[in-house]
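In mature numbering (1 follows the signal peptide of the UniProt record, and there is no 0), the protein residues as written are -40 to -1, 1 to 434.
Accompanying notes for the structure given below.
See the structure below:
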């Protein structure tokens, strides 16, 4: 039916030699009619299993003879190899096996995608993008694999956001270009990524010392492998790892402010969730050298040495009978006023951090105010060997009185437990000065003295009799 000047394969008309223009239209019509006739005679279920790559189709047909194909292929013994094809494209291959005409649609594999990257990560989603492969592709199959998960998704462009994932979990994504037949696929490209762990909760400070702060928190939803704890303070920026939901941060400076940022971390030690912060001062160190610098009837002054590390102020607690007062000292000294004369007070001095809340350990000192001065000191009786005194009790408190007796060759201290005393064993006709001082209960703290001077009585001898100012004896 066909001469050797022309032949038809796959609906293409090829002329060998010259073809006159005036017969071209006639030949074209004839050829189209012949193509339709040929295709109607093709067997589309030929017993062949082609091997396909991105640019080649290999048809292995042992003991059979392939006569011709379209597109043109390189004929090899025992089979057919059609090369230099376009990736991901469907070809209608027509060939002869012995005397049978075969027509088969064969699609080349799409090429492999490139530049697969993760573009964003959240606790429940991961977004991917990639570069379209060479040749043709219609869509992409995205396989998502993780613990208890194997899901296949379809992407119609070069990006996808995979949702409904578990926080802090690892997933492997396999992206495969797919041809228009939705069956033929290229080779896969894989990428593995963790979702972000969720945020921790209930972050709190569990203990504080001068050099350490302990924290605890609640494990986040989903998965997490460890926690990054960032410690920031003046001149300090340190990152620590916690493998449980608590940590003690050591080697801190007393009385200093630190910010702690706790972030859940996935098993890759790279992917992190959102951060939760807490700020806390270490306890200031203890003051030293607390002492009383002055005492009056209504005030006591204290001083001390600043503690090691940092402190912003000191809280001074004053406790006494019916009194519990807290004062603030912004330096290393204070004068506490409005006290009661002759009373005992305990002072507790505690260094305080800049938050006015965090305090160190206290140092205590106890001291009496000076008793007030006695009044109305008077001589109530005089003899040749004794002088009696009385006075009025001072304002405030006093426990006893020191009575100093001074005269020629005499300097004696006596104690009176009431507001009167009789001083004996004096010398007749001698002058004495009496100093009466109220004393506090510690028997150490004294008020100011009040003095009085008096002579003992003097006796005269006449006619074997002694005449005294107050007594007469033989």
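Every residue gets a Cβ at the ideal spot worked out from N, C-alpha and C, and that includes glycine.
Alpha carbon of residue i to alpha carbon of residue j, nearest angstrom
{"i": "residue 154", "j": "residue 131", "result": "6 Å"}
{"i": "residue 371", "j": "residue 329", "result": "27 Å"}
{"i": "residue 435", "j": "residue 413", "result": "Only positions -40 to 434 of the chain appear in the structure, and residue 435 is not among them; the question remains open."}
{"i": "residue 167", "j": "residue 246", "result": "17 Å"}
{"i": "residue 108", "j": "residue 68", "result": "34 Å"}
{"i": "residue 322", "j": "residue 366", "result": "45 Å"}
{"i": "residue 348", "j": "residue 316", "result": "58 Å"}
{"i": "residue 258", "j": "residue 194", "result": "43 Å"}
{"i": "residue 125", "j": "residue 85", "result": "6 Å"}
{"i": "residue 383", "j": "residue 345", "result": "8 Å"}
{"i": "residue 359", "j": "residue 176", "result": "55 Å"}
{"i": "residue 115", "j": "residue 49", "result": "19 Å"}
{"i": "residue 182", "j": "residue 157", "result": "7 Å"}
{"i": "residue 250", "j": "residue 261", "result": "11 Å"}
{"i": "residue 379", "j": "residue 352", "result": "6 Å"}
{"i": "residue 77", "j": "residue 127", "result": "19 Å"}
{"i": "residue 232", "j": "residue 123", "result": "18 Å"}
{"i": "residue 106", "j": "residue 148", "result": "17 Å"}
{"i": "residue 174", "j": "residue 219", "result": "12 Å"}
{"i": "residue 170", "j": "residue 270", "result": "10 Å"}
{"i": "residue 81", "j": "residue 74", "result": "20 Å"}
{"i": "residue 320", "j": "residue 248", "result": "12 Å"}
{"i": "residue 393", "j": "residue 252", "result": "32 Å"}
{"i": "residue 7", "j": "residue 18", "result": "14 Å"}
{"i": "residue 296", "j": "residue 409", "result": "24 Å"}
{"i": "residue 150", "j": "residue 5", "result": "36 Å"}
{"i": "residue -29", "j": "residue 52", "result": "A caution first: residue -29 carries a pLDDT of 30, below 50, which makes its placement in the model unreliable, though a value can still be read off. Approximately 12 Å, taken between the alpha carbons."}
{"i": "residue 395", "j": "residue 216", "result": "55 Å"}
Residue range of the beta strand (DSSP E) that includes residue i
{"i": "residue 62", "result": "60 to 67"}
{"i": "residue 120", "result": "119 to 122"}
{"i": "residue 160", "result": "No beta strand (DSSP E) holds residue 160; DSSP gives it neither H nor E."}
{"i": "residue 208", "result": "206 to 209"}
{"i": "residue 134", "result": "130 to 138"}
{"i": "residue 247", "result": "Per DSSP, residue 247 belongs to no beta strand (DSSP E) and is neither H nor E."}
{"i": "residue 182", "result": "Segment: none, residue 182 is in no beta strand (DSSP E) and carries neither H nor E."}
{"i": "residue 18", "result": "17 to 20"}
Backbone secondary structure at residue i - three-state DSSP
{"i": "residue 314", "result": "coil"}
{"i": "residue 72", "result": "coil"}
{"i": "residue 8", "result": "coil"}
{"i": "residue 105", "result": "strand"}
{"i": "residue 215", "result": "coil"}
{"i": "residue 234", "result": "strand"}
{"i": "residue 91", "result": "strand"}
{"i": "residue 439", "result": "The structure shown does not extend to residue 439, since the chain is modelled only from -40 to 434, so the question has no answer here."}
{"i": "residue 49", "result": "coil"}
{"i": "residue 2", "result": "coil"}
{"i": "residue 127", "result": "coil"}
{"i": "residue 83", "result": "coil"}
{"i": "residue 488", "result": "Beyond the ends of the chain as shown, which are -40 and 434, falls residue 488; an answer cannot be given."}
{"i": "residue 166", "result": "strand"}
{"i": "residue 418", "result": "coil"}
{"i": "residue 186", "result": "strand"}
{"i": "residue 194", "result": "coil"}
{"i": "residue 178", "result": "strand"}
{"i": "residue 226", "result": "coil"}
{"i": "residue 254", "result": "strand"}
{"i": "residue 99", "result": "strand"}
{"i": "residue 112", "result": "strand"}
{"i": "residue 221", "result": "strand"}
{"i": "residue 148", "result": "coil"}
{"i": "residue 242", "result": "coil"}
{"i": "residue 203", "result": "coil"}
Contact test: residue i Cβ vs the ligand ZN heavy atom, cutoff 7 Å
{"i": "residue 306", "result": "Among the ligands in the structure shown, none appear at all, so the ligand ZN cannot be discussed."}
Min CB distance residue i to chain B below 8 Å
{"i": "residue 214", "result": "Absent from the structure is chain B; it holds one protein chain and no more."}
Decide yes or no for the touch test of the stretch 218 to 229 against the stretch 258 to 275: beta carbon pairs closer than 8 Å, at least 3 of them.
no
Would you mind listing the beta strand (DSSP E) stretches within the stretch 262 to 336 that are 3+ residues and don't spill past its ends, in chain order?
273 to 280, 283 to 289, 293 to 296, 304 to 312, 319 to 328
So, does the stretch 306 to 317 touch the stretch 385 to 405, judging by three or more C-beta pairs under 8 Å?
no
Can we say the stretch 202 to 211 touches the stretch 298 to 305, given the rule of at least three CB pairs closer than 8 Å?
no
For the stretch 325 to 407, list the beta strand (DSSP E) runs that are entirely contained and at least 3 residues long, ordered along the chain.
335 to 342, 347 to 352, 360 to 367, 370 to 376, 380 to 383, 391 to 399
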